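Residue numbers (the working numbering): 463 to 885.
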């Protein structure tokens, strides 16, 4: 039996089993105790402590690591030099103060996200969070806030258009008029912050997203179910970084999220829901066999430690003659020696969206092995597994991933785009 732990406004249902929900709460409490054995999980505490795990420590750590450290480095300069840099036209200390303000604005969004999530899980007022956050938690909070730029701002439209538009076009070509009584059911593994699921529902499809990361799930739930207006929050996606900016204005640029207010878009032509958990573990179950008309994987297949398990799961949950639409690169995260990567590559490996959950998937996946394949090999395996490749394009798409278009350093993907039909 499925338990809907979130149901508000748009009635976007986030589903997990009752046992999985109970286990999640138990694990959260056990992890808190393990990280801070001197504290107990108290039944009552001040309400402003409830968000420490995801947000309060993010705010504090960002101020410490980004601005406090730079102030220390600044005042370590010879006095005549820091006095020169502190005065106009450089005004470096004023820049650091503005970054502090930007961190607070981002942390306000994180506060709102977690407050709504804890209320949905029934955890507000039941768990002491203070002193429990790890560096991994903070990295995930930063990464998730960063991805709001891509999925829920007007400025992120260019990146969404490069990756989501091909999926919508492929589905439209194969299912035609979505105004008919028969609505195609689409699965989106690695749904991240839920924008593609929302866009599919707007286009008239019955869209179901799946996501493993609770940071991502909490944020998508907030954007879809709890925001109250278009452009409700100001987000500073690039304020944390001090490198490769042409001007301070480029560093301090802010965007408004969400660019659309989901609750104001009712009635949707289609419908949407989300499931929680590892993709292969959820959809290898018999209840999902032959359930979907199409599966859309966007920047997802390279999160697999073992691609064959993804292929088997997609095949199982697709109906006969169903479609698998894929758009994305092959930035494999397993088998690579991180010590051989520079800092930027490490961040990218751990980075945004579903990619940040790949290590968790490896731990909970059966077998524990991994394999890294070329695009040709991936397509060949899909064919060998009972699919017919109808579209296979490389080099035609160009996509960034949460990039400041004014940056002096731009990394661009050339995603593979293919469409396969289940035989």
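Even glycine gets a Cβ: it sits at the ideal position worked out from N, Cα and C. As the structure is a prediction and not an experimental result, all values here were calculated from the model.
Distance, residue j Cα to residue i Cα
i: residue 849; j: residue 869; result: 41 Å
i: residue 538; j: residue 712; result: 26 Å
i: residue 580; j: residue 706; result: 38 Å
i: residue 597; j: residue 528; result: 14 Å
i: residue 632; j: residue 578; result: 35 Å
i: residue 773; j: residue 569; result: 38 Å
i: residue 886; j: residue 878; result: Given a span of 463 to 885 for the chain in the structure shown, any question on residue 886 remains unanswerable.
i: residue 885; j: residue 778; result: 12 Å
i: residue 853; j: residue 783; result: 15 Å
i: residue 543; j: residue 708; result: 22 Å
i: residue 834; j: residue 740; result: 20 Å
i: residue 861; j: residue 750; result: 32 Å
i: residue 726; j: residue 664; result: 12 Å
i: residue 881; j: residue 551; result: 54 Å
i: residue 546; j: residue 560; result: 19 Å
i: residue 762; j: residue 625; result: 12 Å
i: residue 871; j: residue 695; result: 27 Å
i: residue 747; j: residue 831; result: 22 Å
i: residue 875; j: residue 791; result: 7 Å
i: residue 688; j: residue 842; result: 43 Å
i: residue 838; j: residue 724; result: 39 Å
i: residue 540; j: residue 736; result: 56 Å
i: residue 847; j: residue 519; result: 46 Å
i: residue 610; j: residue 637; result: 30 Å
i: residue 826; j: residue 883; result: Summary for residue 826: the model assigns pLDDT 47, below 50, so the residue's position carries little reliability; its value from the coordinates is reported in the next sentence. Looking at the two C-alpha atoms, the distance is approximately 29 Å.
i: residue 855; j: residue 686; result: 33 Å
i: residue 602; j: residue 690; result: 25 Å
i: residue 585; j: residue 715; result: 35 Å
i: residue 728; j: residue 836; result: 42 Å
i: residue 738; j: residue 760; result: 18 Å
i: residue 617; j: residue 635; result: 27 Å
i: residue 771; j: residue 564; result: 42 Å
i: residue 534; j: residue 767; result: 42 Å
Cβ pair residue i, residue j closer than 8 Å
i: residue 697; j: residue 558; result: no
i: residue 780; j: residue 786; result: yes
i: residue 612; j: residue 864; result: yes
i: residue 532; j: residue 566; result: no
i: residue 769; j: residue 628; result: no
i: residue 574; j: residue 745; result: no
Residues near residue i in its chain [Cβ-Cβ closer than 6 Å; skip 5 each side]
i: residue 615; result: 717, 719, 721
i: residue 668; result: 645, 647, 732, 733
i: residue 700; result: 713, 866
i: residue 523; result: 600
i: residue 441; result: Examination of residue 441 is not possible in this model, given that the chain is present from 463 through 885 alone.
i: residue 536; result: 544
i: residue 693; result: 718
i: residue 752; result: 781
Cβ distance (whole Å) where residue i is taken to contact residue j below 8 Å
i: residue 681; j: residue 662; result: With 8 Å as the limit, residue 681 and residue 662 do not qualify as a contact, their Cβ atoms being about 18 Å apart.
i: residue 742; j: residue 775; result: 5 Å
i: residue 851; j: residue 844; result: 7 Å
i: residue 657; j: residue 710; result: With a Cβ gap of about 30 Å, residue 657 and residue 710 do not count as contacting.
Same chain only: Cβ atoms within 7 Å of residue i, ignoring 5 sequence neighbours per side
i: residue 548; result: 554, 555
i: residue 730; result: 663, 664
Same chain, Cβ closer than 8 Å to residue i, neighbours up to 5 away in sequence not counted
i: residue 562; result: 525, 529
i: residue 703; result: 713
i: residue 630; result: 661, 662, 665
i: residue 619; result: 721
i: residue 873; result: 810, 862, 863, 865
With three or more beta-carbon pairs closer than 8 Å as the criterion, would you say the stretch 661-679 touches the stretch 598-616?
yes
Does the stretch 645-665 come close enough to the stretch 755-762 that 3 or more CB-CB pairs lie under 8 Å?
yes
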